[in-house]
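As they're listed, the protein sequences go chains H and E. Using numbering that gives the first Met the number 0, the first residue of the first sequence is number 0, and each one after it goes up by one. Using numbering that gives the first Met the number 0, the first residue of the second sequence is number 0, and each one after it goes up by one. In this text, a Cβ means the ideal position worked out from N, Cα and C, and glycines have one as well. Here the structure is a predicted model, which means the values were calculated and not measured.
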Amino acid sequence: MRRTVVIVGLVLTACSQATVVDADPPPPTSFEEVEAILVESTVPVVVNVWASWCIPCRSEAPLLSRAADRYDGEVRMIGLNVSDTPEGSAAFIGEFFPDAPIEHLADSDGFIPVELGASRGVPLTFFYHAGGELSFLQHGVIDERTLALQIDELVNR
Amino acid sequence: MEFTLLAAAAFAVAALYGMLYWEARHGNADRCAGNLFETALTAGVFGIFVGRIVAMMLDGVNPIAHPGDIILVRAGVSTVGATLGAAAVFAWLARRELIPMADGISAAALAGLAGWHAGCLPRDACLGTSSDLPWATAQEASEITRHPVGLYAALLFAVAAIAIALWKAYRWPGFGIPASAATLAAAVIRLLVEPMQPSLDGGPVWFYAIGVVIGLGGLVWFIRARRLGQRSS
């Protein structure tokens, strides 16, 4: 029995090692900058609010990375890192978004999501039509069906 | 939001138990209401656990390094992992009389799946791809009408569950046939509704196709075995 547990553990470890790439911490931003991005964007924008210390953010990060690859060019994906350290955020980007077409920005105080109309909790995912009109706001972890449906709402409007 | 998933799970368990309760009074396999319920529930919980771990591994998240992530079921459960995990546990727990137990649970398992899909109502997650059909509905503040695909699946699973339950109750089809028919029905229903589900990569259609082959193969095998048995007797 003990041998089985060890073998299963080794297989799990071997099969699920993520590739960690060196990444830069996201540049700091402000509410005005984010608002300008939303208003001036000619394509829909998805803003995911995350932090490296947030366990649910880690669990949904691979899903967002896949969505960014799938809708590259049709939807602009922004990762808003809040209340985090440069080291923590850089490591998170290196682990989960090494090649994903997602622009990451940092809000060290964590007030931008509140100014956008949400709470201070993470994760959050905002879905905006081109021009900045809010289509949907997901509080908490997002699942694949909700993510795909809400992006479909944006791209097929 | 996690509580809505619990509501969907409660729908599934209630439908599973309700069907077993009805079948216990209408000639299902013996031990049906108690033993089958516990076996199915154990297999279901273990299946979700396996499905979650497989989903984490496929996403490159190490379940040993990040065990806390396992409970975040909403972040993703692999349908393939969950189905195989649940089937393996069921097969282990029912190993002494696998086929009779599988026949016994066949209708109730489909009813449980119907309940799970009906759980899209409290989760507010019934909508799928866009559609112009008269019953297509739009989400709040949207003009895009969509298939209520969660309800399609719930309805189809409920019809299949009731059909198999009545078949078992009033004209026993024979050893292994209800289980094979339920496998076939589940795979066909998932194949039908999957193209209407909102998804990033289309879902595991190949897995449902394998399910159709296994279900059909089982049906042919057990019907043939039954006819051979009738001839020899």
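Contact under 9 Å by Cβ, residue i with residue j
i      : j      : result
H:F126 : H:P43  : yes
H:I101 : H:A129 : no
H:P27  : H:D83  : no
E:G46  : E:G84  : yes
H:R65  : E:L199 : yes
H:H103 : H:G78  : yes
E:P203 : E:T78  : yes
E:H116 : E:L165 : no
E:L191 : E:A160 : no
H:T124 : H:V45  : yes
E:M55  : E:D68  : yes
E:L35  : E:G114 : no
E:V49  : H:S58  : no
Partner residues on chain E for residue i, Cβ-Cβ distance less than 8 Å
i     : result
H:D21 : Ordered by position in chain E, no residue passes the 8 Å Cβ test against H:D21, which lies about 17 Å from the chain.
Cβ-based neighbour list, residue i, same chain, cut-off 6 Å, excluding 5 preceding and 5 following
i      : result
H:P55  : P122, V140
E:M0   : With a pLDDT of 48 at E:M0, under the threshold of 50, the predicted position of this residue should be treated as unreliable, though the coordinate-derived value follows. So the list is empty, once near-sequence residues are dropped.
H:E73  : V154
E:G175 : I98, F221
E:A107 : L15, M18, L19
E:T3   : P121, R122
H:L63  : N47
E:L92  : T38
H:F96  : S64
E:K167 : P177
E:R95  : none
E:A87  : none
Three-way DSSP call (helix, strand, coil) for residue i in this model
i      : result
H:H138 : strand
H:N160 : Beyond the ends of chain H as shown, which are 0 and 156, falls residue 160 of chain H; an answer cannot be given.
H:L133 : strand
E:Y169 : helix
E:M0   : Low confidence applies to E:M0: its pLDDT is 48, below 50, so where it sits in the model is not reliable, and the reading given next is rough at best. In this structure, E:M0 counts as coil in the three-state DSSP scheme.
H:S71  : Residue 71 of chain H is actually Asp in this sequence, not Ser. DSSP places H:D71 in strand when its eight states are reduced to three.
H:H128 : coil
E:H146 : coil
H:E32  : helix
E:A86  : helix
E:T38  : helix
E:T128 : coil
E:L199 : coil
E:H65  : coil
E:L71  : coil
H:L104 : strand
H:H52  : Residue 52 of chain H is actually Trp in this sequence, not His. Coil.
H:P25  : coil
E:A14  : helix
E:L5   : helix
Chain-ordered chain E contacts of residue i [CB-CB under 7 Å]
i      : result
H:L148 : L126, P197
H:T145 : A124
H:A66  : L199
H:V140 : L71, R73, A74
H:R69  : L199
Residues that residue i contacts on chain H, provided the C-beta gap is smaller than 7 Å
i      : result
E:D131 : Per Cβ cutoff of 7 Å: no residues; E:D131 is ~13 Å from chain H at best.
E:R170 : Correct list: empty, because the minimum Cβ distance to chain H is about 39 Å.
8 Å Cβ shell around residue i - same chain, five flanking residues per side excluded
i      : result
H:G93  : V19, V20, D21, A22
E:T128 : R145, H146, V148, P194, M195, Q196, P197
E:I163 : S105, A106, L109, P177, A180, A181, A184
H:H138 : A117, S118, G120, L123
9 Å Cβ cut-off: residues of chain H touching residue i
i      : result
E:I143 : D151, E152, N155, R156
E:H65  : I54, R57, S58
E:D68  : I54, P55, R57, S58
Beta-carbon proximity list for residue i, same chain, < 7 Å, skipping 5 on both sides
i      : result
H:V38  : G130, G131
E:S179 : G214, G217, L218, F221
E:V187 : V211
H:R119 : G109, P112, V113
H:A99  : S64, A67, D68
E:A224 : none
E:R189 : Y207
Proximity to residue i [Cα-Cα], best of the options
i      : options                        : result
E:A110 : E:T78, E:T182, E:D123, E:I69   : E:T182
E:A152 : E:R225, E:A168, E:G118, E:I143 : E:G118
E:R226 : E:A13, E:A168, E:P172          : E:P172
E:D58  : H:E143, H:I150, H:Q149, H:A147 : H:E143
Chain E contact residues for residue i, given Cβ-Cβ distances below 9 Å
i     : result
H:R75 : None at all; the shortest Cβ gap to chain E is about 17 Å.
Any chain C beta carbon closer than 9 Å to residue i
i      : result
E:G175 : Absent here is chain C; the protein component of the structure consists of chains H and E.
beta-carbon residue i near the ligand HEM non-hydrogen atom, thresh 8 Å
i     : result
E:H65 : No copy of the ligand HEM appears in this structure; indeed no ligand is present at all.
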